[in-house]
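Report on one structure; see the data block that follows.
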Amino acid sequence: MLPNPLRTIWLNEKQEVQIINQTLLPHELHVETLHNLEDVFQAIVQMIVRGAPLIGATASYGLWMACRDASEALLDHEIEKAAEYLRSSRPTAVNLFVCIDRMMEAINSAKGKEEKTRIALETAHNIVAEDIEICRMIGVHGLPLIEEISKRKGGETVNILTHCNAGMMGCIRWGTITSPIYQAMEKGIKVHVWVDETRPRNQGSNLTAWELSQHKVPHTLIVDNTGGHLMQHGMVDIVFVGTDRTTRQGDVANKIGTYLKALAAKDNNVPFFVALPSTTIDWTINDGLKEIPIEERNQDEVKYFQGLNSAGVIDKVLICPPTTPAANYGFDVTPARLVSGLITERGICAATENGLTGLFPEMT
Ligand code: MRU
Numbered sequence: 001m002l003p004n005p006l007r008t009i010w011l012n013e014k015q016e017v018q019i020i021n022q023t024l025l026p027h028e029l030h031v032e033t034l035h036n037l038e039d040v041f042q043a044i045v046q047m048i049v050r051g052a053p054l055i056g057a058t059a060s061y062g063l064w065m066a067c068r069d070a071s072e073a074l075l076d077h078e079i080e081k082a083a084e085y086l087r088s089s090r091p092t093a094v095n096l097f098v099c100i101d102r103m104m105e106a107i108n109s110a111k112g113k114e115e116k117t118r119i120a121l122e123t124a125h126n127i128v129a130e131d132i133e134i135c136r137m138i139g140v141h142g143l144p145l146i147e148e149i150s151k152r153k154g155g156e157t158v159n160i161l162t163h164c165n166a167g168m169m170g171c172i173r174w175g176t177i178t179s180p181i182y183q184a185m186e187k188g189i190k191v192h193v194w195v196d197e198t199r200p201r202n203q204g205s206n207l208t209a210w211e212l213s214q215h216k217v218p219h220t221l222i223v224d225n226t227g228g229h230l231m232q233h234g235m236v237d238i239v240f241v242g243t244d245r246t247t248r249q250g251d252v253a254n255k256i257g258t259y260l261k262a263l264a265a266k267d268n269n270v271p272f273f274v275a276l277p278s279t280t281i282d283w284t285i286n287d288g289l290k291e292i293p294i295e296e297r298n299q300d301e302v303k304y305f306q307g308l309n310s311a312g313v314i315d316k317v318l319i320c321p322p323t324t325p326a327a328n329y330g331f332d333v334t335p336a337r338l339v340s341g342l343i344t345e346r347g348i349c350a351a352t353e354n355g356l357t358g359l360f361p362e363m364t
């Protein structure tokens, strides 16, 4: 059964972890149960769950299950092995590593299997609850950006362009870039979202378009190369994207193609904002281009296109000669100089080290 209000990960009455299979949306809303560590690993690798905060949250429940299922004799060894395994699932989104480190610290502070398992579950629940509140606050801080544009346009529709999915499906609830949009809608501000389809996995057409439809947000799907043209013709007021890892100096890794949107935005004086929970900041690195590992995925994701066929069945079709090789880089890095500002749960700051440490002085 789906939780009300809807969220992307929850426990059912049998204390089983439930998720929505994101590879089937928007055609099927299918709930799956993750029974053990291997299920969690596969869900992350196969992108049944995806999006930086949700990957971190799912891995956290995976570590809880690893504690629960570990043998008493090899407890610490098995939990450590589970953490290493989960760390190898996807390389770019830093939330995965931040959440695993936090879980391991909590688990290591407890003694014995029972206490470790209890603390692991508590910590995973806290990670999830915090993400919900963080995303709500990103909305509170991002809303004035939309309000200002609306005022300047005399109440006319504010056109927002987004890439990939930085909505609820990448988080737990609200989403990052969708949170200010939903709050603007609630205040009666007219908004419209240009949704990049986001090849090759189509998180834009499959997930963002679905979420916006659910919330009745006016939106239009575009192919990934349309944004520049729209910006040249004054049809985009602001760009909102998410991020998988943001460096100390404000460089931003996000879904492949984000950088090109930032370049087009700069050339056309369109503000380019990145919404992120602080769990997506990698305080240990500065230079995104040199230091952020970029995931490379299977070439079949590029060579095949998935959709609903005329028989109403989810199917894949080959879109190139079978022997043509394809390159599949999952992310790119947008340098801080192209970012107008970072929207966090504590407010908006410049994409600079001073900007970030101004909001998070404990990281100075
Ligand atoms: O490969 P994905 O679908 O996990 O990539 C997700 C993104 O790039 C999102 O924009 C990002 O994680 C932000 S989610 C709030």
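For what it's worth, the numbering used here labels the leading residue of the sequence shown as 1, then goes sequentially. For each residue, glycine too, the CB sits at the ideal point set by N, CA and C. Since the model is a prediction, treat every value here as computed from it, not as a measurement.
Annotation for R245 indicates a beta carbon at 7 Å or more from all heavy atoms of the ligand MRU.
Between R248 and the set G154, E291, D315, A265, the nearest pair of CA atoms involves E291. The straight-line gap separating the alpha-carbon atoms of P26 and A120 is approximately 33 Å.
Out of H215, Q203, P5, M363, the CA that lies nearest to the CA of I285 is found in M363. Residue burial annotation: H77 is exposed, with fewer than 16 other C-beta atoms found within 10 angstroms of its C-beta.
Counted as a single uninterrupted DSSP element, the stretch harbouring F360 is not any beta strand (DSSP E), since DSSP gives it neither H nor E.
Given a length threshold of 4 residues, each whole run of the alpha helix (DSSP H) inside the region 33 to 114 is given here in chain order: 37 to 45, 52 to 69, 75 to 87, 95 to 108. Separation of V302 and E114 (C-alpha to C-alpha, rounded to the nearest whole angstrom) is 45 Å.
Runs of the alpha helix (DSSP H) lying entirely within the region 261 to 342, each at least 4 residues long, are 288 to 291, 300 to 303 in chain order. Less than 8 Å separates the beta-carbon of T334 from that of T258. The C-beta of T323 has fewer than 16 other C-beta atoms within 10 Å across all chains shown, which makes the residue exposed. The C-alpha of A124 is placed about 7 Å away from the C-alpha of M103. For the set Q42, L212, T220, the Cα lying nearest the Cα of S88 is the one of Q42. Take I9, set aside five residues on each side of it, and the residues of its chain with a beta-carbon closer than 8 Å to its own are V17, Q18, I19, V49, L54, A57, T58, Y61, V128, I172, in chain order. By the 16-neighbour rule on beta-carbons within 10 angstroms, E197 is buried. Per DSSP, reduced to three states, the secondary structure at T344 is strand.
Rounded to whole angstroms, the Cβ separation of T208 and N165 is 5 Å, and the two are in contact under 8 Å.
Secondary structure of D131 (DSSP, three-state): helix.
Between the region 233 to 245 and the region 259 to 272, the count of Cβ pairs shorter than 8 Å is three or higher; the stretches touch.
A residue is called buried once 16 or more other Cβ atoms fall within 10 Å of its Cβ, and T279 is buried on that count. Per DSSP, the beta-bridge partners of C349 are L342.
In this structure, the alpha-carbon of S205 lies about 28 Å from that of L11.
Taking the Cβ atoms as the reference, L145 lies roughly 18 Å from G227, outside the contact range of under 8 Å. If you ignore the 5 residues before and after L29, its C-beta comes within less than 7 Å of the C-beta of I20, all in its own chain and listed in chain order. Relative to the non-hydrogen atoms of the ligand MRU, the Cβ of V241 comes within a distance shorter than 7 Å of at least one. For H229, the secondary structure class from DSSP, reduced to helix, strand or coil, is helix. Distance from the CA atom of N202 to the CA atom of L276, rounded to whole angstroms, is 21 Å. Sequence-distant partners of D131 (beyond 5 residues in either direction) whose C-beta falls short of 7 Å from its own C-beta, in its chain, are P53, A57, C171, I172, P277. Looking from the CA of G167, the closest CA among T157, L6, N36, N354 belongs to L6.
For I222, the three-state secondary structure derived from DSSP is strand. Judged by DSSP secondary structure, W194 falls within the beta strand (DSSP E) whose first and last residues are 191 to 196.
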